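So that you can map any letter, position 175 of the sequence shown is 287 in my numbering, and since no number is skipped, the others follow by simple counting. Cβ atoms here follow ideal geometry from the backbone N, Cα and C, with glycine treated the same way. Owing to the predicted nature of the structure, the values given are computational and were not obtained by experimental measurement. As structure tokens, the structure follows; a few thoughts come after it.
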Amino acid sequence: MTTLKIAISKSGRLSDKTFKLLEDAGFLFQMTNRRLMAKCQNFPLELLFLRPGDIPEIVADKTADLGICGQNSVAEKGFDLDQIQKLGFGKCHLSIAVPKNFKGTLERKRIATSYPKILQKYLDEKNISASIVTLSGSVEIAPNIGTADGICDLVSTGSTLKTNGLIEKEEIFSSEAVLIGNKNLIKEKERILEKFLLRIRAVLLAKKFKYIVMNLKRENIPKLTEILPGLKSPTITNLADDNWVSVSTVVEEKIFWKTIDKLKSIGAEGIVVQNIEKLIK
Ligand code: AMP
Numbered sequence: 113m114t115t116l117k118i119a120i121s122k123s124g125r126l127s128d129k130t131f132k133l134l135e136d137a138g139f140l141f142q143m144t145n146r147r148l149m150a151k152c153q154n155f156p157l158e159l160l161f162l163r164p165g166d167i168p169e170i171v172a173d174k175t176a177d178l179g180i181c182g183q184n185s186v187a188e189k190g191f192d193l194d195q196i197q198k199l200g201f202g203k204c205h206l207s208i209a210v211p212k213n214f215k216g217t218l219e220r221k222r223i224a225t226s227y228p229k230i231l232q233k234y235l236d237e238k239n240i241s242a243s244i245v246t247l248s249g250s251v252e253i254a255p256n257i258g259t260a261d262g263i264c265d266l267v268s269t270g271s272t273l274k275t276n277g278l279i280e281k282e283e284i285f286s287s288e289a290v291l292i293g294n295k296n297l298i299k300e301k302e303r304i305l306e307k308f309l310l311r312i313r314a315v316l317l318a319k320k321f322k323y324i325v326m327n328l329k330r331e332n333i334p335k336l337t338e339i340l341p342g343l344k345s346p347t348i349t350n351l352a353d354d355n356w357v358s359v360s361t362v363v364e365e366k367i368f369w370k371t372i373d374k375l376k377s378i379g380a381e382g383i384v385v386q387n388i389e390k391l392i393k
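Printed below as a string of structure tokens:
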């Protein structure tokens with residue numbers, strides 16, 4: 113049977129969230145031998161567990177059809193891959209950071225990084241001639257031990273920089289987790305990918321909305337359409353008391369509280385808010 117092989121991180125920042133996304137989308141896995149691979153029990157899908165930085169290459173050489181990794185890894189490896197879907201987690205940026213007492217410019221300075229290609233591209237664009245010290249990890253200690261004058265590393269909360277007495281100087285690349293894939297999959301795999309994407313996107317879309325149910329005086333129904341303009345129409349159900357109705361609708365997370373304030377201003381009461389598990393367009 114044709115199966116889609118997807119390479120995901122076996123450890124590190126993206127690993128738990130990747131697995132949770134797959135589980136939320138309804139894919140069930142047999143967890144024996146999780147360290148290497150896992151078969152999906154209810155979909156033609158197989159997971160390969162790899163180091164995050166190796167995922168673009170494994171997809172590019174077709175060992176896997178798909179991969180989930182950071183955009184930082186994709187850009188650094190430079191393979192010609194499709195970035196099929198941004199996944200909304202693992203958000204961070206690649207930044208140049210220097211010791212607190214650093215003075216002057218980066219010109220002729222040494223910068224330690226695990227991302228030499230992205231950094232070189234940036235330095236070329238800005239016409240800065242600095243030298244790059246490539247390290248595979250623990251980049252943040254390089255200035256303290258005298259290997260480099262500054263670093264270029266991923267920053268999420270900024271606490272690693274702070275702990276090492278560094279401050280962010282320039283943000284050079286923004287990244288989040290992304291689903292990558294080979295450009296030319298065979299027809300059968302394309303068909304499976306479509307179904308896979310429908311499920312993943314249903315989970316991603318659901319996170320952007322809340323489902324709300326409320327009571328409203330019947331006379332205030334016309335005012336609802338001004339407050340909820342983006343929706344076709346809310347569902348309105350009669351209540352035992354003829355003067356009141358129950359209204360249910362979905363509200364976008366980013367305007368949620370603003371919408372609630374407006375609904376309250378037209379007399380909405382008993383507003384129940386629920387997370388949505390999946391939302392299919
Ligand atoms: P933070 O202290 O939260 O700023 O995180 C910085 C450390 O975590 C650095 O060692 C980074 O290489 C690593 N890191 C931060 N965000 C990510 C990410 N999205 N993916 C992989 N590594 C990350």
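For residue i, which residues does DSSP report across the bridge?
| i | result |
| --- | --- |
| serine 286 | His205 |
| threonine 217 | Paired residues: none, contrary to the question. |
| tyrosine 323 | Val362 and Gln386 |
| methionine 149 | Leu160 |
| lysine 117 | Glu158 |
| leucine 266 | Leu206 |
| leucine 291 | Ile180 and Gln197 |
| glutamate 252 | DSSP lists no partner for glutamate 252. |
| glutamate 338 | Answer is none; glutamate 338 lacks a bridge partner. |
Is any heavy atom in the ligand AMP found nearer than 6 Å to the beta carbon of residue i?
| i | result |
| --- | --- |
| cysteine 204 | yes |
| glycine 270 | yes |
| valine 267 | yes |
| glycine 258 | no |
| arginine 163 | no |
| glycine 262 | no |
| glycine 379 | no |
| phenylalanine 182 | It is glycine, not phenylalanine, that sits at residue 182 in the sequence shown. Checking the Cβ of glycine 182 against the ligand AMP gives yes. |
| arginine 311 | no |
| histidine 125 | Note that residue 125 is arginine in the sequence shown here, rather than histidine. Correct: arginine 125 has its Cβ closer than 6 Å to the ligand AMP. |
In the structure shown, what three-state DSSP assignment does residue i receive?
| i | result |
| --- | --- |
| phenylalanine 368 | helix |
| alanine 242 | coil |
| aspartate 192 | coil |
| glutamine 142 | coil |
| leucine 134 | helix |
| leucine 328 | strand |
| lysine 212 | coil |
| lysine 129 | helix |
| lysine 281 | strand |
Would you give the residue range spanned by the beta strand (DSSP E) that residue i belongs to?
| i | result |
| --- | --- |
| asparagine 350 | 347–350 |
| leucine 224 | The question names leucine, yet the displayed sequence has alanine at residue 224. From DSSP, the beta strand (DSSP E) with alanine 224 extends over 222–225. |
| valine 171 | Not the beta strand (DSSP E): valine 171 falls in the alpha helix (DSSP H), residues 167–172. |
| lysine 301 | Not the beta strand (DSSP E): lysine 301 falls in the alpha helix (DSSP H), residues 299–318. |
| leucine 178 | 178–182 |
Terminal residues of the continuous alpha helix (DSSP H) containing residue i?
| i | result |
| --- | --- |
| aspartate 354 | Run containing aspartate 354: none; DSSP gives neither H nor E here. |
| aspartate 236 | 228–237 |
| threonine 275 | 271–275 |
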